[in-house]
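Asker: Numbering (full-length UniProt numbering), first residue to last: 2 to 340.
From the three backbone atoms N, C-alpha and C, an ideal C-beta is built for every residue, glycine too.
So that we are looking at the same thing, I have put the structure below in structure tokens.
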Ligand code: NAD
Ligand code: LMR
């Protein structure tokens with residue numbers, strides 16, 4: 002099944018597949034937190050990505066076992082697992098580092114409640130990347146993303162290794178959810194209902210721009226309110242359903258692998274690879290908000306072009322007005338932690 006899907010990925014249009022390959026390239030990708038609920042399926046999906054030639058799996062527990070398991074999958078890439086004391090070895094020669102390390106939410110918690118535990122995990126991993134693989138692209142999954150991305154940036158800045166073109170907060174799950182939820186309402190396939198989601202990655206900071214989607218702009222009134230709420234709080238649905246056993250892992254692994262493939266296509270020179278991601282951004286910097294997710298074109302150096310958010314409806318202006326102060330607080334909290 003996987004061999005067939007990889008072959009199909011090479012021959013179908015990019016909008017309808019998870020993986021695609023436009024050029025042969027040698028790319029070593031590391032997953033930090035590879036033993037976890039996201040890390041395991043993400044490692045499997047990356048093993049199935051023809052653009053990944055080498056996979057380096059690290060966790061404070063369990064990564065060698067995950068690596069041994071995933072390494073039997075019949076795709077060409079090499080896989081190696083690293084134990085808790087082998088972080089530096091895991092990062093050697095790595096071009097892309099994906100970070101899903103850290104604790105997930107339980108019912109009743111906000112993503113910000115994870116800050117106290119995850120901030121130092123992410124800071125220490127970022128410091129290691131800055132030391133061992135300073136040219137790597139870093140993809141941050143660990144929550145709260147609105148704060149962990151500024152933490153990584155500030156940590157790398159301290160080490161003299163920060164390049165804003167190479168740091169990404171992964172908001173792809175919001176984009177995946179928006180397409181899926183909208184498709185259910187308008188009776189189309191998710192491929193036909195892509196939605197640009199901007200802002201950050203938590204509750205009110207998640208701003209779906211449904212008016213910019215041909216299908217989305219037709220959704221009005223109570224249906225619109227409910228759809229926006231579902232996109233903003235989709236994570237809570239999973240947290241509640243898992244009932245104490247964590248948050249989204251499988252859909253997040255899918256989203257993380259999807260974003261990684263987009264980045265690798267951009268790095269390999271494919272043109273027109275555009276997706277929302279949370280990056281250092283000039284869009285609201287004049288309001289003291291220097292990280293923001295909007296459509297970003299990915300290219301050989303990572304961030305190629307940050308797109309403006311475009312025209313908003315009055316409803317979307319309200320959503321944005323609610324997003325910005327919360328996002329600002331989250332970003333400042335991350336920066337203060339490192340300072
Ligand atoms: P999990 O507890 O199942 O796995 C986390 C893994 O991180 C564990 O294997 C743990 O050993 C490992 N870990 C802890 N400290 C580490 C360190 N210093 N170095 C390396 N590994 C370390 O959790 P999960 O469900 O995989 O979620 C991980 C994170 O991803 C959470 O913070 C969660 O909130 C976040 N998340 C983000 C999104 C998003 O859209 N960005 C979506 C879902 C989950
Ligand atoms: C999500 O959106 O599913 C993740 O951020 C995990 C969570 O805590 O909801």
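Please report the Cβ distance between residue 202 and residue 235, rounded to the nearest whole angstrom; I am assuming they are in contact, meaning their Cβ atoms lie under 8 Å.
Answerer: Within the chain shown, the letter at position 201 stands for residue 202. Within the chain shown, the letter at position 234 stands for residue 235. With 8 Å as the limit, residue 202 and residue 235 do not qualify as a contact, their Cβ atoms being about 11 Å apart.
Asker: Rounded to the nearest angstrom, what separates residue 162 and residue 303 at their Cα positions?
Answerer: Along the chain shown, read from residue 1 onward, the residue named residue 162 stands at position 161. Along the chain shown, read from residue 1 onward, the residue named residue 303 stands at position 302. Computed Cα separation, rounded: 15 Å.
Asker: Exposed or buried, residue 190, counting other C-beta atoms within 10 Å across all chains shown (16 or more means buried)?
Answerer: The residue given as residue 190 occupies position 189 in the chain shown. Exposed, by the Cβ-count rule.
Asker: Can you tell me which residues form a DSSP beta bridge with residue 278?
Answerer: By one-based count along the chain shown, residue 278 stands at place 277. Paired residues: 295.
Asker: Measuring only from the beta carbon, is residue 30 closer than 7 Å to any heavy atom that is part of ligand 1?
Answerer: For the purposes of this step, residue 30 is identified with residue 29 of the chain shown, where counting begins at 1. No, Cβ of residue 30 sits at least 7 Å from all heavy atoms of ligand 1.
Asker: Identify the residues that DSSP records as bridge partners of residue 48: which are they?
Answerer: By 1-based counting over the chain shown, the position of residue 48 is 47. Paired residue(s): none; residue 48 is not in a bridge.
Asker: What's the C-alpha gap between residue 239 and residue 79?
Answerer: Residue 239 sits at position 238 when you count from the first residue of the chain shown. Residue 79 sits at position 78 when you count from the first residue of the chain shown. If you take the alpha carbons of residue 239 and residue 79, they lie about 33 Å apart.
Asker: Strictly under 8 Å for the Cβ-Cβ distance: is residue 333 near chain C by that measure?
Answerer: No chain C is part of this structure, which consists of one protein chain only.
Asker: At the level of alpha carbons, what is the spacing between residue 94 and residue 269?
Answerer: Along the chain shown, read from residue 1 onward, the residue named residue 94 stands at position 93. Along the chain shown, read from residue 1 onward, the residue named residue 269 stands at position 268. If I take the Cα positions, the gap works out to 17 Å.
Asker: Can you check which of these residues, 259, 185 and 35, is closest to residue 51 by C-alpha distance?
Answerer: On the chain shown, residue 51 is found 50 positions in, with the first residue counted as 1. Of the candidates 259, 185 and 35, the one whose C-alpha sits nearest the C-alpha of residue 51 is 259.
Asker: For residue 340, is the classification buried or exposed, using 16 other Cβ atoms within 10 angstroms of its Cβ as the cut-off for buried?
Answerer: One-based indexing of the chain shown puts residue 340 at position 339. So residue 340 ends up on the exposed side.
Asker: Output needed for residue 327: all residues of its chain with C-beta closer than 7 Å, excluding positions within five of it in sequence on either side, in chain order.
Answerer: As a first step, residue 327 is located in the chain shown; it is residue number 326 there, counting from the start. Only 205 and 206 meet the Cβ criterion.
Asker: Below 8 Å, can you find three or more Cβ-Cβ pairs linking the segment 219 to 232 to the segment 247 to 267?
Answerer: no
Asker: In this structure, how does DSSP classify residue 139 when only helix, strand and coil are distinguished?
Answerer: In the chain shown, residue 139 corresponds to position 138, counting from 1. It is a strand residue.
Asker: Does the beta-carbon of residue 332 have 16 or more other beta-carbons within 10 angstroms, so that it is buried, or is it exposed?
Answerer: Position 331 of the chain shown holds residue 332. Buried.
Asker: Ligand 4 and residue 139: does any heavy atom of the ligand fall closer than 7 Å to the residue's C-beta?
Answerer: Among the ligands modelled here, namely ligand 1 and ligand 2, ligand 4 does not occur.
Asker: Would you please state the rounded distance, in angstroms, between the beta carbons of residue 222 and residue 267? I believe it to be under 8 Å.
Answerer: Translated into positions along the chain shown, residue 222 becomes position 221. Translated into positions along the chain shown, residue 267 becomes position 266. The pair is not a contact, with the Cβ atoms about 38 Å apart (cut-off 8 Å).
Asker: Could you check which residue in 184, 140, 172 and 178 has the C-alpha nearest to that of residue 165?
Answerer: Within the chain shown, the letter at position 164 stands for residue 165. When each option's Cα is compared against that of residue 165, the closest is 140.
Asker: Check whether the segment 84 to 99 touches the segment 51 to 70, taking contact to mean three or more Cβ pairs, one atom from each stretch, closer than 8 Å.
Answerer: yes
Asker: Look at the Cβ atom of residue 47, then the Cβ atom of residue 30, and state whether they are nearer than 8 Å.
Answerer: The sequence position of residue 47 within the chain shown is 46, counting from 1. The sequence position of residue 30 within the chain shown is 29, counting from 1. Yes.
Asker: Between residue 250 and ligand 1, is the CB less than 7 Å from at least one heavy atom?
Answerer: If you number the chain shown from 1, residue 250 lands on position 249. Yes; taking the cut-off as 7 Å, the Cβ of residue 250 has a heavy atom of ligand 1 nearer than that.
Asker: In terms of alpha-carbon separation, which member of 200, 146, 90 and 181 lies closest to residue 116?
Answerer: In the chain shown, counting from the first residue as 1, residue 116 sits at position 115. Measuring from the Cα of residue 116, the nearest candidate turns out to be 146.
Asker: Would residue 1 and residue 101 be called neighbours here (beta carbons separated by less than 8 Å)?
Answerer: As shown, the chain starts at 2 and ends at 340. That puts residue 1 outside it, with no answer to give.
Asker: Which ranges would you report for the alpha helix (DSSP H) in the UniProt domain "Lactate/malate dehydrogenase N-terminal" (28 to 170) if only whole runs of at least 4 residues count?
Answerer: Within the UniProt domain "Lactate/malate dehydrogenase N-terminal" (28 to 170), the complete alpha helix (DSSP H) runs of at least 4 residues are 40 to 48, 64 to 71, 88 to 92, 116 to 133 and 146 to 159.
Asker: So is residue 194 buried or exposed if we call it buried at 16+ other beta carbons inside 10 Å?
Answerer: As a working mapping, residue 194 is identified with position 193 in the chain shown. Per the 10 Å Cβ criterion, buried.
Asker: Say the cut is 7 Å; is the CB of residue 377 nearer than that to a heavy atom of ligand 1?
Answerer: Any answer about residue 377 is impossible in this case: the structure gives the chain only from 2 up to 340.
Asker: With DSSP as the reference, label residue 304 as helix, strand or coil.
Answerer: The count along the chain shown starts at 1 and reaches residue 304 at position 303. Looking at residue 304 - three-state DSSP - the assignment turns out to be strand.
Asker: Can you say whether residue 25 is buried or exposed, counting buried as having 16 or more other CB atoms within 10 angstroms of its CB?
Answerer: The sequence position of residue 25 within the chain shown is 24, counting from 1. Only weak support is given to the placement of residue 25: the predicted model assigns it a pLDDT of 49, under 50, and the question is left unresolved by the model.
Asker: Identify whether residue 260 lies in helix, strand or coil by the three-state DSSP scheme.
Answerer: Position 259 of the chain shown holds residue 260. Residue state, collapsed to three classes: helix.
Asker: Just to confirm my understanding: we take residue 178, look at its own chain, exclude 5 residues before and 5 after, and list those with CB closer than 7 Å. What are they?
Answerer: In the chain shown, counting from the first residue as 1, residue 178 sits at position 177. Cβ neighbours of residue 178 beyond the five flanking positions: 232 and 235.
Asker: Applying the 10 Å Cβ sphere with the 16-neighbour rule, what's the burial state of residue 218?
Answerer: As a first step, residue 218 is located in the chain shown; it is residue number 217 there, counting from the start. It counts as exposed.
Asker: Is residue 71 near residue 45, with beta carbons less than 8 Å apart?
Answerer: The residue you call residue 71 lines up with position 70 of the chain shown. The residue you call residue 45 lines up with position 44 of the chain shown. In this structure, residue 45 lies closer than 8 Å to residue 71 by Cβ.
Asker: Exposed or buried, what is residue 288 when buried is set at 16 or more other beta-carbons lying within 10 Å of its beta-carbon?
Answerer: For the purposes of this step, residue 288 is taken as residue 287 along the chain shown, with counting starting at 1. It is exposed - the Cβ of residue 288 has fewer than 16 other Cβ atoms within 10 Å.
Asker: Could you tell me whether any non-hydrogen atom of ligand 2 is closer than 7 Å to the CB of residue 365?
Answerer: Residue 365 falls outside the range modelled here, since the chain spans only 2 to 340, and no answer is possible.
Asker: Looking at the secondary structure, which residues open and close the beta strand (DSSP E) in which residue 209 lies?
Answerer: For this step, residue 209 is matched to residue 208 along the chain shown. Start and end: 207 to 209.
Asker: Short check: CB of residue 138 to CB of residue 107, under 8 Å?
Answerer: Taking the chain shown and counting its residues from 1, one reaches residue 138 at position 137. Taking the chain shown and counting its residues from 1, one reaches residue 107 at position 106. Not a contact, by the Cβ cut-off of 8 Å.
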